[in-house]
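Position 27 (the sequence shown) corresponds to 26 in numbering that gives the first Met the number 0; numbering is contiguous.
Beta carbons are placed, not taken as given, at the ideal position from N, Cα and C, and that holds for glycine.
Only a predicted model underlies this, so the values are computations on that prediction, with no experimental measurement involved.
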Amino acid sequence: MIVIKQAELTSAGQLHRYSWEHLEDEHGGLTDQAIDPEEDPLEAVTVDEFQQVWAR
0 MIVIKQAELT SAGQLHRYSW EHLEDEHGGL TDQAIDPEED PLEAVTVDEF QQVWAR
């Protein structure tokens, strides 16, 4: 899997969004490595859930 949009919601409720339009900032950045769902600790969400977080 290749990441094209990435949303990170911290435990403090801070949202960090990354995509080709915003690759990185002082908090982090869009991963440049392929993701292996078998090995990487990811939380699966639906498209609608992701879009709700992304639009915040």
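Could you tell me which residues DSSP puts in a beta bridge with residue i?
i: GLN13; result: The partner list for GLN13 (beta bridge, DSSP) is empty, contrary to what the question assumes.
i: ILE8; result: The sequence given here places Leu at residue 8; Ile does not occur at that position. Beta-bridge pairing links LEU8 to LEU14.
i: ASP24; result: GLY27
Where does residue i fall in DSSP's three states?
i: GLU48; result: helix
i: TRP53; result: helix
Would you check if the distance between the CB atom of residue i and the CB atom of residue j is smaller than 8 angstroms?
i: TYR17; j: LEU8; result: no
i: ILE1; j: ALA43; result: no
i: LEU22; j: VAL52; result: no
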